[in-house]
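Notes follow the structure.
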Amino acid sequence: MELTRVTAAVLRALRERDENTFAHCNRTRELCMETGRTFGLSADELAVLRWAAELHDIGKVGIPDRILFKPARLDAEEQGRKFDPYMLAGFSRTIESSAYRAAG
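Just so we're aligned: the sequence shown equals residues 0 to 103 in numbering that gives the first Met the number 0.
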């Protein structure tokens, strides 16, 4: 049950951060679920697949707006950046968010 609560909170944070990415994750989830059912995955396997699909872009929560929403291509400096710290920051921000606390 704890994983469900955390997942719901993370998805709310993603939706608050960027509606387009949230919608993309939902479309990805539906495609993955359809594919998983076609391949005969068990209910447990489908649950894992669902969470993976819904959360695959969660790192975007921590990427600065000037990069995430930049309308043009990233320049060489932006492309060379390591985004791991942003992904960790995004996760931390999610855990500390009101959405996460509300899910509890």
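For each residue, glycine too, the CB sits at the ideal point set by N, CA and C.
Just so it is clear, the structure is predicted and the values come from calculations on it, not from any experiment.
Looking at the structure shown, is residue i part of a helix, part of a strand, or coil, going by DSSP?
| i | result |
| --- | --- |
| K69 | coil |
| H23 | helix |
| D56 | coil |
| L40 | coil |
| D74 | coil |
| D17 | coil |
Around the C-beta of residue i, are 16 or more other C-beta atoms found within 10 angstroms, so that it is buried, or is it exposed?
| i | result |
| --- | --- |
| G61 | buried |
| L10 | buried |
| R28 | buried |
Our contact map puts residue i next to residue j with C-beta atoms below 8 Å; I'd like the distance itself, whole angstroms only.
| i | j | result |
| --- | --- | --- |
| C31 | A52 | 4 Å |
Expressed to the nearest angstrom, what Euclidean distance is found between the alpha-carbon atoms of residue i and residue j?
| i | j | result |
| --- | --- | --- |
| D64 | L48 | 29 Å |
| S41 | P70 | 41 Å |
| A75 | R4 | 39 Å |
| K59 | L13 | 8 Å |
| T6 | D17 | 16 Å |
| L67 | R26 | 20 Å |
| T20 | D56 | 7 Å |
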